[in-house]
Amino acid sequence: MAYYAVITGSLRTNSVNKAVARYVEKASSRKLKHASIDLPLFNGDLEENGDPEAVQQFKDLLAGAEAIIIITPEYSHSIPGVLKNALDWAGSMSVRNVLESKKILLMGASPMAQGTAFSQAHLRQVLQACGAWVLPQPELFIGAAPKKLSDDGELNDEATLSRIDKALQAFDNWVQE
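Per UniProt numbering, the very first residue in the sequence shown carries number 1; after that it's consecutive.
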């Protein structure tokens, strides 16, 4: 059965982006598989001997996916290092670029008012360099994200949930084209 790979760009246990990912899993009409990005630092010397096992599993999951959803925080107005590292492995041209021609949906949550606008702009640039296709609209920047969580850490802001639903529908339609 076809599936979408989901990458959450945070290792934090109580990340608001993991709350977004949990909602995406409930709301999506597609089967989802979560990709772990707890990977060794990208190093071309390691590639020469074949990808490390964790990297191989990560790349296999992305390669088998019909499309990819990336849910990212924003650190210092950019991409979290752990996510950039994972994309360096996935998009490496020297062994196997598993991002080539993949359709990707970006979204992300941040305490800042602008949401993840800066990190998503950088992600678009990185993904396009890897040959991936990023859904141009709708853009989904979830600002003031901690205020949109219930006491038990679940996303519960109706306007945000509706925007995610619309983005998922637009993405499904685009993937099926």
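In this text, a Cβ means the ideal position worked out from N, Cα and C, and glycines have one as well. All figures in this text were calculated on a predicted structure; none of them were measured in a lab.
Taking residue i as the reference, which of the options has the closest Cα?
| i | options | result |
| --- | --- | --- |
| Y3 | Q137, A129, K102 | K102 |
| D152 | Q56, R22, V6 | R22 |
| C130 | A117, A113, T160, S92 | S92 |
| T8 | E66, I104, E47, N49 | I104 |
| N173 | A67, N43, L39, F141 | A67 |
| L123 | P146, H77, G44 | H77 |
| A63 | E100, Y75, D38, Q169 | E100 |
Could you check whether residue j and residue i sit closer than 8 Å to each other, using their CB atoms as the reference points?
| i | j | result |
| --- | --- | --- |
| V98 | A90 | yes |
| V134 | I71 | no |
| P73 | S29 | no |
| K31 | L61 | no |
| L140 | A167 | yes |
| S36 | F58 | yes |
| G108 | N17 | yes |
Is DSSP giving residue i helix, strand or coil here?
| i | result |
| --- | --- |
| H34 | strand |
| T116 | coil |
| A132 | coil |
| Y3 | coil |
Based on DSSP bridge pairs, tell me the residues matched to residue i.
| i | result |
| --- | --- |
| G108 | F141 |
| S78 | Y75 |
| L149 | L155 |
| A67 | Y4 |
| K103 | W133 |
Mind reading off the beta-carbon distance from residue i to residue j? Whole number of angstroms is fine, and I expect it under 8 Å.
| i | j | result |
| --- | --- | --- |
| A27 | E154 | 12 Å between Cβ atoms; not a contact. |
| A5 | A54 | Actually they do not touch by this definition, with Cβ atoms about 15 Å apart. |
| A144 | A113 | 6 Å |
| V82 | L11 | 6 Å |
| K147 | T160 | So it is not a contact: roughly 10 Å between Cβ atoms. |
Is the CB of residue i under 8 Å away from at least one CB in chain D?
| i | result |
| --- | --- |
| I71 | In the structure shown, chain D cannot be found, because there is only a single protein chain. |
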